[in-house]
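Working notes for the structure below.
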Amino acid sequence: MTSSSYPLVSVLRTRHTGYLLLTSLVGRLPGAMAALAIVQLARSTSGDFAFAGLITAVYIVAGAAGQPILGRLIDRLGQVAILAVSGILSFLAFTGMALTLEPAPGAAVALAAAAGLFTPPLEPALRSLWPRLVSPGAPLKAAFSLDAGAQEIIFIVGPLLTVAGIAVFGAVGNLLFAGALGLIGALAFIVNPAPRAASRKRHSDVGSPGGARSPILMPAVMRVAAFTFGIGVPVGALTIVATASEAARADPGLAGWILAVNAVGALIGATVVGIRPLGSTPERLLALCGVLLAVGYLPLAITSLPTWAYVVAAGIAGLMLPPTLGQVFERISQLSPAAVLTEANGWVVSAMTLGVGAGTLVAGVIVGASGTAVVVWIVLGASTLTALLSLIALPSRPLPAR
Numbered sequence: 005m006t007s008s009s010y011p012l013v014s015v016l017r018t019r020h021t022g023y024l025l026l027t028s029l030v031g032r033l034p035g036a037m038a039a040l041a042i043v044q045l046a047r048s049t050s051g052d053f054a055f056a057g058l059i060t061a062v063y064i065v066a067g068a069a070g071q072p073i074l075g076r077l078i079d080r081l082g083q084v085a086i087l088a089v090s091g092i093l094s095f096l097a098f099t100g101m102a103l104t105l106e107p108a109p110g111a112a113v114a115l116a117a118a119a120g121l122f123t124p125p126l127e128p129a130l131r132s133l134w135p136r137l138v139s140p141g142a143p144l145k146a147a148f149s150l151d152a153g154a155q156e157i158i159f160i161v162g163p164l165l166t167v168a169g170i171a172v173f174g175a176v177g178n179l180l181f182a183g184a185l186g187l188i189g190a191l192a193f194i195v196n197p198a199p200r201a202a203s204r205k206r207h208s209d210v211g212s213p214g215g216a217r218s219p220i221l222m223p224a225v226m227r228v229a230a231f232t233f234g235i236g237v238p239v240g241a242l243t244i245v246a247t248a249s250e251a252a253r254a255d256p257g258l259a260g261w262i263l264a265v266n267a268v269g270a271l272i273g274a275t276v277v278g279i280r281p282l283g284s285t286p287e288r289l290l291a292l293c294g295v296l297l298a299v300g301y302l303p304l305a306i307t308s309l310p311t312w313a314y315v316v317a318a319g320i321a322g323l324m325l326p327p328t329l330g331q332v333f334e335r336i337s338q339l340s341p342a343a344v345l346t347e348a349n350g351w352v353v354s355a356m357t358l359g360v361g362a363g364t365l366v367a368g369v370i371v372g373a374s375g376t377a378v379v380v381w382i383v384l385g386a387s388t389l390t391a392l393l394s395l396i397a398l399p400s401r402p403l404p405a406r
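See the structure below:
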């Protein structure tokens, strides 16, 4: 391990970490590209918004279901085999979906489910490696914060790559492009010695996770997953809030600026916490970070703010997301037995995905029924839910030693 007065620098200088983070980000790009890519392809072939929404939702829900399943398989069989096979299957499903969407939409929906289900679980795989790669304490906290902040880069780059991919390859070729990036990232990830070493250790361990109960059945892990769902709700609602604000202010392009500045705020939060990790334990910090995240969204309820101030408020809302997710990742690494750690991280990924989806869906329904004037109530409702679910993360009793 390297030493540095700045834990973030120490993490980046540690062998394998930069490569694994970069390749995992490439492999995760389809998650930020596919929704828009599928919608654009469905619209170009059928022009049916309802069908476009259906097939996109199927992909997202299947992806949320697949992460803990594939994570459990990694815990049993190792990272190399599962990431390689899932990457290949997901790419083949993307290819089939792109080619069948117009002539056989029913088959395309099934293939969308397969593409989501077999999404390589690079997020939980990387997070299960962090405790092996960096020292506990401040470096590990910095690694988890770096991971959470890097995720924001995906959601900035992903839509831009989708636009570029459609321009260069067309709607069908762009979907193939997204699937190929996932496969390339997964294969590049597993050629690194760290995942291979983790897989060899898994095979040599006497105990097998096959008989271990799922970590989601552990009350403490379940509480963290519920807390993570609560984090996702305002993040998902923000997409609708931004779009509604753009319409209410008659300011074309405002939604994009709101979302972009929110992501920049998250990157700032990740950088600050990466340089100076929070001093206390995640057991104590989870609830506090969750409440601060909820409070950070409240200025967006003040719809009378000038446009520039509203955009700044969106940046403030993003500040606490990476620090909060960093506490989630570290807490899961403490709570879950090592034999099922990848699955536990998969459940957290799924909880976040479902929270984002729920926030977007509910906010969209409310705005669709009542108009843009209800943005204030959407923000207040999402923030309140996040704060309430943060309370379940409060420590109840000391953890037994693992």
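To get the numbering used here, take the position in the sequence shown, counting from 1, and add 4. C-beta atoms are modelled at their ideal positions from N, C-alpha and C, and glycine is treated no differently.
Q) Within the chosen definition, does the segment 107-114 reach the segment 230-245 through at least 3 CB pairs nearer than 8 Å? A) no
Q) Any chance the segment 6-26 sits against the segment 142-149, with 3 or more Cβ pairs inside 8 Å? A) yes
**Q.** Environment of L164 [buried if 16+ CB atoms lie within 10 Å]
**A.** exposed
Q) Which runs of the alpha helix (DSSP H), 4 residues or longer, sit entirely within the segment 149-219? A) 197-208
Q. To the nearest angstrom, how far is it from the Cα of P2 to the Cα of I86?
A. Past the boundaries of the shown model lies residue 2; the chain is included only from 5 to 406, so the question cannot be answered.
Q. Can you find at least 3 beta carbon pairs, one from the segment 177-189 and one from the segment 25-32, that sit closer than 8 Å?
A. yes
Q | Endpoints, alpha helix (DSSP H) assigned at T21 | A | T21 to T49
(Q) Please state whether the Cβ-Cβ distance between I235 and L297 is less than 8 Å. (A) yes
Q: Would you tell me roughly how many angstroms separate the C-alpha atoms of T388 and A46, rounded to the nearest one?
A: 36 Å
Q. Under three-state DSSP, which class holds I244?
A. Correct three-state label for I244: helix.
Q | Residue from A118, A224 and T346 with nearest C-alpha to T60 | A | Comparing Cα positions, the closest option is A118.
Q: Give the straight-line distance between the Cα atoms of L393 and A230, rounded to the nearest whole angstrom.
A: 7 Å
Q. Going by the beta-carbon positions, is the gap between P199 and L133 smaller than 8 Å?
A. Against a cut-off of 8 Å, the Cβ pair of L133 and P199 comes out as a contact.
Q | Rounded Cβ spacing between G75 and P125 (contact assumed at less than 8 Å) | A | 5 Å
Q | Inter-residue Cα distance where the pair is T232 and F173 | A | 37 Å
**Q.** Exposed unless 16 or more other CB atoms sit within 10 angstroms - verdict on V210
**A.** For V210, the pLDDT reaches just 42, beneath the cut-off of 50, and the residue's location in the model is therefore unreliable, leaving the point undetermined.
Q.
Here's the rule I'm using: 16 or more other beta-carbon atoms within 10 Å means buried, otherwise exposed. How should G385 be labelled?
A. buried
(Q) If I measure Cβ to Cβ from T390 and keep anything under 7 Å in the same chain, skipping five residues before and after, which residues do I get? (A) G234, I235, V237, P238, G294, L297 and A298
Q) In three-state terms, what does DSSP make of T390? A) Three-state result, T390: helix.
Q: List the endpoints of the continuous alpha helix (DSSP H) containing V138.
A: Here V138 belongs to no alpha helix (DSSP H), and DSSP marks it neither H nor E.
Q. Between L357 and D79, is the Cβ-Cβ spacing less than 8 Å?
A. Looking at the sequence shown, residue 357 is not Leu but Thr. No, the pair does not count as a contact, with Cβ atoms beyond the cut-off.
Q.
Less than 8 Å between the C-beta atoms of V408 and G330, yes or no?
A. Here the chain comprises residues numbered 5 to 406, so residue 408 is not present and cannot be evaluated.
Q.
For a test of the three-state rule: what should DSSP assign to S340, helix, strand or coil?
A. S340: coil per DSSP, three-state reduction.
Q: In angstroms with no decimal places, state the Cα-to-Cα distance between L103 and N178.
A: 12 Å
Q. So is the beta-carbon of A317 under 7 Å away from any non-hydrogen atom of the ligand ZN?
A. In terms of ligand content, the structure shown is empty, and the ligand ZN therefore cannot be addressed.
Q.
What does the alpha-carbon distance come out to for the pair L180 and I320?
A. 36 Å
Q. DSSP three-state call for F122: helix, strand or coil?
A. coil
**Q.** Length of the line joining the Cα atoms of A66 and I158
**A.** 20 Å
Q) Nearest-angstrom Cα distance between N266 and V161? A) 14 Å
Q.
At the level of alpha carbons, what is the spacing between A56 and G169?
A. 19 Å
Q: Determine the burial state of R131: buried for a count of at least 16 other Cβ atoms within 10 Å of its Cβ, exposed for fewer.
A: Result: buried.
Q.
My assumption, with CB atoms under 8 Å, is that V225 sits in contact with I336. Please give the rounded CB distance.
A. 7 Å
Q.
Just to confirm, is the Cβ distance from Y63 to A36 under 8 Å?
A. no
Q) Taking just the CA atoms, how far does A342 sit from V195? A) 23 Å
Q.
Between which residues of its own chain and Q44 is the CB-CB distance below 8 Å, once the five residues before and five after are set aside?
A. Once the five neighbours on either side are set aside, the close Cβ partners of Q44 are T166, I170, A175 and N178.
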